[in-house]
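J.:
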Amino acid sequence: MFAIIQTGGKQYRVSEGDVIHVESLQGEAGDKIDLKPLFVGGDQALFGDAVGNFVVNAEVVQHGRGPKIYIRKYKSGVQYRRRTGHRQDYTTLKIVGIKG
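Per our numbering, the sequence shown starts with residue 1, numbered consecutively.
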């Protein structure tokens, strides 16, 4: 059985035992989180109102930061150069189960 969940503006296909990196969520390591699925698949597909009773149980494994990404700006002829960096925060989730 698998489910499609949405968190942080992105959708993920998950099944029991999967470990995924999502946009940063509140909670400490070991906390339980319940996510509402958009679609549940397996023997038969369920979506819309039929998936209303289902819930995806997840556990927060850790919080972290992604790799550094450098942004460079350049305009020719005017000696304009800028370099900045960014590291995106993420949360690692372990999918404990899909219940419904």
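Cβ coordinates follow ideal geometry from the N, Cα and C atoms, glycine included.
1) In its own chain, which residues sit with a C-beta less than 6 Å from the C-beta of L46, not counting the 5 before and 5 after it?
2) Report all residues from its chain with a CB closer than 8 Å to the CB of K10; omit the five preceding and five following residues, and keep chain order.
3) So is V19 buried or exposed if we call it buried at 16+ other beta carbons inside 10 Å?
4) Need the endpoints of the beta strand (DSSP E) that E23 sits in, please.
5) Return the residue from the list E59, Q6 and K32 that minimises the CA-CA distance to L38.
T.: By the coordinates alone:
1) By one-based count along the sequence shown, residue 46 stands at place 46. Answer for L46: V40, listed in chain order.
2) Translated into positions along the sequence shown, residue 10 becomes position 10. Answer for K10: V22 and E23, listed in chain order.
3) Translated into the one-based positions of the sequence shown, residue 19 becomes position 19. With fewer than 16 other Cβ atoms within 10 Å, it is exposed.
4) The sequence position of residue 23 within the sequence shown is 23, counting from 1. That run of the beta strand (DSSP E) goes V19 to E23.
5) Looking up residue 38 in the sequence shown gives position 38. Ranking the options by Cα distance to L38, first place goes to Q6.
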